[in-house]
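So that you can map any letter, position 410 of the sequence shown is 869 in this note's numbering, and since no number is skipped, the others follow by simple counting. Glycine residues also receive a C-beta, built at the ideal position from the N, C-alpha and C atoms.
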Amino acid sequence: MAEHSFDLVVVGAGASGLLAAIAARRLGRNVLVVEATALAGGSTAGSDGKLWLPANPLQAKLGVTDSSAEALEYLDAVLGEPTDASTAERRAAYANLSGKIARWLVSSHVPLAVVKTLPDHHPDLPGGKTSGRVLATQPLDRRTLGDNSALLAPSEPARRGPLGLIPSGLPLPLPRNTETSGEALVGNLLHRALANGVQLWLESPVVSLLSDDQAVTGVRVRRGTGEVDVAAEQVLLASGGYEHSQDLREEYLPLPTSAEWSVTGVPNDGALLAMATALGAGTALLTEAWWTPVMISEGRAYRLDSQRGKPHSLIVDTAGDRYFDEATFAHAAGRALYDRNRGVRAVPSYLIMDNRHRQAHPLGPWPAGKTPKQAIEAGEIFKAATLNDLAQATGIDRAGLLGTVVRFNGFAAKNNDPDFGRGASIWDLALGDHTSKKATSVGKLDKQPFWAVPVYPGDSGTKGGLLIDADSRVLRTDGSAIAGLYACGGAAASLFKSASPAPGVALGAALVEAFAAATDQRLERRRES
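See the structure below:
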């Protein structure tokens, strides 16, 4: 007999898990959240925390008109024909629930704001928008959480151990305010979850799913030196993907691949995925991830997002050739590295910068204009007086690099890029340099010294996972639902196939799926009968 019993057990104390816990608690359900690590926050706490929530109530202040119908039209235009993971029903659920969740967060006093500069990734497609759909959470004063502030994972890598773990307290004093939108979002949700009576067990990994012949009936959790069984009417897996399992990466993802290239900073190893498939759960999209170009410093991956779109830089393969629009959105840029690597060695590629770029923009952990000597000595970044010397130091083909830079500088003189259209799209301009009247993404590389940083196809989580329906119920390979078992976010097969409709879609979908699971009407009807 189980030692504990709850209506809902949520596995994972990230944003989606906490949101599901709050929604279920407000429906009068008894809720437990179990988290494998020492702190709440998951991958969201260390992320930018952007949310793609169309038809949200904040758009009206900007004069943006939007609707669920337009959101669905856009999703269909980007995603194409439905699949087992990207069903018409799941797309409709996202379009219909996104605005409701935004209103729910605002009414819960989570301080959301529109990120005005960010458009959809394909605003020219039917239903696309140039602004208004991407939201972020305003900074949170950690003192609001009182003693519970110590339970919230900090965002800064310097304050987090390997894979974000802090097993024995924080090594540095916490700042008064949260540092990222993701940390602020989780902080707000954690505060509301605990205030609403949600129970939270930290350092309590799930070691198995409990089940009978018909349904999942709970979880077995390791607590301290022992294990306890927890009975539950509903188990929601909000436990992330498998990006930190090197074995699973090598089995499913394109090669080469490394867990070191993931920016999630949490130990998602796919253990819950294996437990669910052992019960007959179906999977999809295991070969996909949320790709993003990264650089490596002291064993940690750092995104290369805005840096790629700033002038006086370009990306080349080892032959010295450009092969894509460097300013494109992260998912497309990351895929470009793998696509190119099929024919030319492009992993790693190199972000080439002149000194204007290095002086003006931060890069990984380094502030603008400050590059540690030890980073150069370790080969994390290369510095040379001439492009010829830079090619020799990196192993890039000399003639290829020199020819590419000469050609690119010719384009930059006319502020265009006929080869790959860099700077021409609304997205590229959003990432460009806005310090002058010309919001440009293209600029000459001609100011010494020159810099190069290796670029790898990193990720912000895997896309593959358990098949779910529009209510986030986990499905068997035959399409039937496993009673009592739900999944969301990185634990579920992504709705978005190999595409990325907009910034913040991964987190937005995770919240939509979590909310759908917590409010599944089947459970309410079962409890009333």
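If you drop the 5 nearest sequence neighbours on each side, which residues of the same chain put their C-beta closer than 6 Å to that of residue i?
i	result
Ala612	Leu498, Gly500 and Ala504
Pro824	Ser756
Gly620	With a pLDDT of only 44 at Gly620, under the threshold of 50, the placement of this residue in the model should not be trusted; the figure read from the coordinates follows. Nothing meets the Cβ criterion.
Arg815	His771 and Lys906
Leu966	Leu510
Asp583	none
Is residue i helix, strand or coil by DSSP?
i	result
Ile1018	This structure cannot settle anything about residue 1018, because the visible part of the chain is limited to 460 through 988.
His580	coil
Thr736	helix
Gly685	strand
Leu745	coil
Ser756	strand
Gly623	Below a pLDDT of 50, predicted positions are generally treated as unreliable, and Gly623, at 43, falls in that range; the measurement from the model is reported next regardless. DSSP places Gly623 in helix when its eight states are reduced to three.
Ser566	helix
Tyr533	helix
Thr639	coil
Tyr761	strand
Thr751	strand
His703	coil
Thr676	strand
Lys520	helix
Ser464	strand
Asp606	helix
Arg618	Below a pLDDT of 50, predicted positions are generally treated as unreliable, and Arg618, at 40, falls in that range; no measurement from the model is reported.
Pro632	With a pLDDT of 49 at Pro632, under the threshold of 50, the predicted position of this residue should be treated as unreliable, though the coordinate-derived value follows. Pro632: coil per DSSP, three-state reduction.
Ser717	coil
Ala612	coil
Glu692	strand
Could you tell me the alpha carbon to alpha carbon distance between residue i and residue j, rounded to whole angstroms?
i	j	result
Phe974	Ser698	15 Å
Gly948	Ala889	27 Å
Ala617	Gly724	Bear in mind that the predicted position of Ala617 carries a pLDDT of just 44, short of 50, making it unreliable; the figure below should be weighed with that in mind. Distance between the alpha carbons of Ala617 and Gly724 is about 12 Å.
Gly476	Ile855	45 Å
Thr596	Ser464	34 Å
Asp780	Leu822	22 Å
Gly729	Ser704	7 Å
Leu940	Arg932	Checking the displayed sequence, the identity of residue 940 turns out to be Ala instead of Leu. Taking the straight line from one Cα to the other gives about 6 Å.
Pro831	Tyr809	19 Å
Leu861	Lys575	38 Å
Ser640	Leu599	9 Å
Thr978	Tyr945	12 Å
Gln833	Gln518	47 Å
Arg549	Asp928	6 Å
Glu839	Asn847	19 Å
Ala827	Val694	46 Å
Asp784	Thr863	14 Å
Asp937	Ala737	14 Å
Gly768	Leu564	32 Å
Ala551	Met812	44 Å
Ala837	Gln673	56 Å
Leu631	Arg602	In this prediction, Leu631 scores a pLDDT of 43, lower than 50, which makes its location untrustworthy; the coordinate-derived value is nonetheless stated afterwards. Approximately 16 Å, taken between the alpha carbons.
Grab me the residues of residue i's own chain with a C-beta within less than 8 Å of its C-beta, minus the 5 sequence neighbours each way, in chain order.
i	result
Arg794	Trp750, Pro916 and Ser957
Gly882	Ala786, Asn874, Asn875, Asp876, Leu888, Gly891, Thr899, Ser900 and Val901
Ser663	Val493, Glu494, Ala495, Val680, Arg681 and Arg682
Thr845	Gln907 and Phe909
Ala760	Glu719, Trp720, Ser721, Val722, Val753, Met754, Tyr915 and Gly917
Excluding the 5 residues preceding and the 5 following residue i in the sequence, name in chain order all residues of the same chain whose CB lies nearer than 7 Å to its CB.
i	result
Asp688	Ala461, Glu462, Leu669, Gly677 and Arg679
Arg448	Residue numbering for the chain in the displayed model covers 460 to 988; residue 448 lies beyond these limits and cannot be assessed.
Asn655	Ile481, Arg484 and Arg485
Leu745	Tyr711 and Gly923
Thr853	Tyr809, Phe841 and Ala911
Ala961	Trp511, Asp579, His580, Arg592 and Val593
Ala843	Leu849, Ala852, Pro908 and Phe909
Asp543	Ala743 and Leu926
When you compare the CB positions of residue i and residue j, do they come within less than 9 Å of one another, or not?
i	j	result
Leu571	Leu594	yes
Arg866	Gly739	no
Arg580	Ala791	In the sequence on display, residue 580 carries His and not Arg. Closer than 9 Å, so yes.
Gly920	Leu512	no
Asn607	Leu661	no
Ala691	Gly943	yes
Leu538	Leu659	no
Leu696	Ala950	yes
Ala748	Asp764	no
Ser557	Val573	no
Ala536	Val645	no
Leu577	Ala554	no
If you measure from the CB of residue i, is any heavy atom of the ligand GTP nearer than 8 Å?
i	result
Asp784	In the structure on display, the ligand GTP does not appear, and there are no ligands present to speak of.
From the beta carbon of residue i, is the nearest beta carbon of chain B less than 9 Å away?
i	result
Thr787	In the structure shown, chain B cannot be found, because there is only a single protein chain.
**Message:** If we require 4 or more residues per run, which alpha helix (DSSP H) segments fall completely within the stretch 767-837?
**Reply:** 789-800, 814-819 and 832-836
**Prompt:** Which whole runs of the alpha helix (DSSP H) in the stretch 834-877 are 4 residues long or more, in chain order?
**Reply:** 846-853 and 857-872
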